[in-house]
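Below is one structure, written out as structure tokens, with a few remarks after it.
Numbering (the UniProt record's numbering), first residue to last: 1 to 241.
Here it is as structure tokens:
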């Protein structure tokens with residue numbers, strides 16, 4: 001485990017309170033890592049870590065819970081009308097994921113909801129939808145000429161209005177810098193171009209953790225602190241655990 005290896009390499013931090021944290025998709029992995037560290041302490045794994053709890057921001061927890069909660073969130077934020085919300089809740093009986101296709105009223109209501117939300121930027125409902133969620137074109141090379149000659153002109157080339165995703169451009173430049181990779185001890189030759197969301201990893205795993213709810217339940221039985229924050233403008237991760 002990376003946390004254990006890091007502590008072994010930096011023993012001066014061994015007595016510091018340890019909180020494991022993350023956001024978004026880390027809502028799946030942070031509870032697993034926290035439980036692993038806790039169980040390691042219980043069985044006497046060395047060195048013992050001073051685990052105090054875990055922190056999550058806008059976490060994914062369970063696909064059914066997360067998606068089902070979006071309808072209520074959309075209503076609370078006045079993105080859908082009272083009448084449409086009540087009709088959808090009644091006809092779908094609160095289930096918006098595993099929908100019976102023969103339930104015509106429910107299907108029709110969900111189509112109306114989709115139509116109401118289709119031009120809403122789900123992660124930040126008060127911000128505009130970007131033309132692309134990945135401002136780095138696939139296969140685009142961050143060569144020195146681009147950075148040196150064209151980087152300062154980038155804001156002028158983007159259409160208005162501003163989109164949050166454009167900020168991610170800086171991460172591509174930073175993470176693909178050889179000096180940065182050397183400082184992070186990235187083994188040379190293991191990556192070509194760093195990607196913010198590397199979809200190729202999906203084929204490298206044999207097991208997919210669909211839900212982290214059981215891990216949360218297990219951790220509530222331990223003497224640990226758990227903090228979960230939720231953005232009031234995020235329509236993607238709306239479940240509070």
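By construction, the Cβ of each residue, glycine as well, lies at the ideal position given by its N, Cα and C atoms.
Does any CB atom of chain C fall closer than 8 Å to the CB of residue 125? Among the chains of the structure shown, chain C does not appear; only one protein chain is present.
Considering Cα atoms alone, identify which of 22, 112, 183 and 195 is closest to residue 172. By 1-based counting over the chain shown, the position of residue 172 is 172. It is 195.
Scan the stretch 34-119 and note each continuous beta strand (DSSP E) run of 3 residues or more that stays entirely inside, going in chain order. 51-57
Cα-Cα separation, residue 3 to residue 16: On the chain shown, position 3 is the one that residue 3 refers to. On the chain shown, position 16 is the one that residue 16 refers to. Cα to Cα, residue 3 sits roughly 13 Å from residue 16.
Beta carbon of residue 226 nearer than 8 Å to that of residue 54: Translated into positions along the chain shown, residue 226 becomes position 226. Translated into positions along the chain shown, residue 54 becomes position 54. A contact, by the Cβ cut-off of 8 Å.
Does the distance from the C-beta atom of residue 99 to that of residue 74 stay below 8 Å? Within the chain shown, residue 99 is the residue found at index 99, counting from 1. Within the chain shown, residue 74 is the residue found at index 74, counting from 1. No.
Have a look at residue 24 and residue 123 and give me their C-alpha separation to the nearest angstrom. Here residue 24 refers to the residue found at position 24 when the chain shown is read from its first residue. Here residue 123 refers to the residue found at position 123 when the chain shown is read from its first residue. Straight-line Cα distance between these residues: approximately 10 Å.
Let me know the secondary structure DSSP gives residue 224 once reduced to three states. The sequence position of residue 224 within the chain shown is 224, counting from 1. Coil.
Counting C-beta neighbours from all protein chains within 10 Å, is the total for residue 71 16 or more, i.e. buried, or is it exposed? By one-based count along the chain shown, residue 71 stands at place 71. Label assigned to residue 71: buried.
Residue interval of the alpha helix (DSSP H) (run including residue 189): Taking the first residue of the chain shown as position 1, residue 189 is located at position 189. First-last for residue 189: undefined, no H or E at that position.
Examine the Cβ distances between the stretch 40-58 and the stretch 79-94 and report whether three or more of them are shorter than 8 Å. The answer is no - the stretch 79-94 does not touch the stretch 40-58, with fewer than three Cβ pairs under 8 Å.
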